[in-house]
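For the sequence shown, the positions run 1091 to 1407 when my numbering is used. Inspection log for the structure reproduced underneath, given as structure tokens.
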Amino acid sequence: MAIVEAFPRLKAEIVVNSSALEEYEDDEEQASSNMVTKYIEVQSGSEFAIKCTLTRPGPGCTLVLQFYLDGKWVCGAYVMQNDLLGNTFETFTEGLRYSEGHRWYLQKFCFSELKIEEFDNRDFSDQLIQDLKDMGEITVRVHRVKNLRRSEQNSSRSRKDLGIYADNVPEKALKGKTLSHKSSLRNPVSCNPTAPWEHDYMDSVDKPIATYKFKYRSKHALQSLLIMPRSPSPVPLEERDVDTLNAEEMRELLRRQRERDEAARAVKREGVKRERSDTATDTDPHVDDDELSFISAKRRRFPVTLNEDGMETIDLT
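Structural data, given as structure tokens:
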């Protein structure tokens, strides 16, 4: 649960399938006594709810919990002093409620994958930059209020009024921010009517007594941000203890060993073949060993002498 130092009796958490999501610390967020920020891992398509738990003693006044998805206000919930009949009081907000005529509808919260276009070079508006500023965040702001009274106006908003961003996002518009998901609403279903209320703030609207922020990302995104440790590389089968291998892993290990043995035998056969080939090329197979061939020879010079008459004599022996 996320807890702020200034108001520790109120805790907030994000619930999926009746279980609170594991929270991770945000080391980059500036610490504050009345604000806490956590990272959570989410999956596309999963529905979620915002659960808040207040423990005794009560705040001494009425509290309003304002819920924001991706920076846009969605709905709120009241916690009154007399709600604390026991030791704790819980609010469980699973979606947006609104009315059309005399009928009421509920659109449940869910996480959707944020489509990011890597090579999208189209121009983007200042409004898109503003929308992306708080994208991937669920925020709960707590205010002290008074003069709680019934209202004739329905303050809840439908999917269309909420203005949830549905288009693909150009990567360059993220400006280095790591995002993976956005908040969405399921199709509306009929629900019981809800009485609208209004109130006056006891403090400045811009100064809630507590703020809880949940930055939701995919597992891969959290690992890239070093919020979650990366999954360790699996130990190769060859390095594992054979007693820990199951039947399928043992068969795979034997198959790899056979492939290595066959490759080694093939290399050995190729080496012998090349050695024989090199030896055979040292002798010309078309030349008989009894035949002699001369490539070149020096001309023999015979001795020349002069006799008594001055005549040259050549010795041919």
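Glycine residues also receive a C-beta, built at the ideal position from the N, C-alpha and C atoms.
What span of residues does the beta strand (DSSP E) with residue i cover, start to end?
i: HIS1271; result: 1271 to 1275
i: SER1189; result: 1185 to 1190
i: PHE1201; result: 1193 to 1203
i: GLU1103; result: 1097 to 1106
i: ASN1237; result: 1227 to 1240
By Cβ distance, which residues of its chain are closer than 7 Å to residue i, with the 5 residues on each side in sequence left out?
i: THR1284; result: ARG1187, TRP1194
i: CYS1281; result: ARG1187, TRP1194, TYR1195, LEU1196
i: ASP1116; result: THR1127, LYS1128, TYR1129, LYS1305
i: ALA1167; result: LEU1155, THR1181, THR1183
i: PHE1157; result: ILE1140, VAL1164, CYS1165, GLY1166, THR1183, VAL1230
Could you give the first and the last residue of the continuous alpha helix (DSSP H) run that contains residue i?
i: ALA1263; result: 1261 to 1264
i: LEU1222; result: 1216 to 1223
How big is the Cα-Cα spacing for residue i and residue j?
i: LEU1382; j: VAL1357; result: The predicted position of LEU1382 is uncertain, since its pLDDT is 48 and thus under 50; a value taken from the coordinates is nonetheless stated next. Roughly 41 Å separates the two Cα atoms.
i: ILE1104; j: GLU1131; result: 10 Å
i: LEU1159; j: SER1274; result: 9 Å
i: SER1202; j: PRO1149; result: 36 Å
i: ARG1320; j: TYR1114; result: 14 Å
i: ASN1107; j: MET1292; result: 36 Å
i: SER1308; j: ARG1341; result: 35 Å
i: ARG1355; j: MET1225; result: 60 Å
i: GLY1191; j: SER1241; result: 16 Å
i: ILE1385; j: ARG1359; result: Note that ILE1385 scores a pLDDT of 49, beneath 50, so its modelled location is shaky; the value from the coordinates is reported in the next line. The alpha-carbon atoms of ILE1385 and ARG1359 are separated by roughly 39 Å.
Assuming the contact rule is C-beta atoms closer than 8 Å, residue i and residue j should be a hit. Round their C-beta distance to whole Å, please.
i: GLU1180; j: THR1143; result: 5 Å
i: LEU1204; j: VAL1259; result: 6 Å
i: SER1314; j: THR1268; result: 6 Å
Among residues of its own chain, excluding the 5 on either side of residue i, which ones have a beta-carbon nearer than 8 Å to its beta-carbon?
i: LEU1335; result: LEU1327, LEU1343
i: THR1152; result: TYR1168, VAL1169, MET1170, GLN1171, ARG1234, VAL1235, LYS1236, LEU1238, HIS1289
Sorted by chain position, which residues of the same chain lie with C-beta nearer than 6 Å to residue i's C-beta, five sequence neighbours on each side aside?
i: PRO1278; result: TYR1195, GLN1197
i: PRO1298; result: ARG1231, VAL1232, HIS1233
i: SER1123; result: GLU1095, ALA1096
i: LEU1111; result: ILE1104, ILE1130
> Can you list the beta strand (DSSP E) stretches of 3 or more residues lying completely in the stretch 1274 to 1344, in chain order?
Replying inline: With a minimum length of 3 residues, the continuous beta strand (DSSP E) runs that stay inside the stretch 1274 to 1344 are 1287 to 1291, 1300 to 1307.
> Along the chain, which unbroken stretches of the beta strand (DSSP E) at least 3 residues long are found entirely within the stretch 1116 to 1165?
Replying inline: List check, beta strand (DSSP E) in window: 1125 to 1131, 1139 to 1145, 1152 to 1159.
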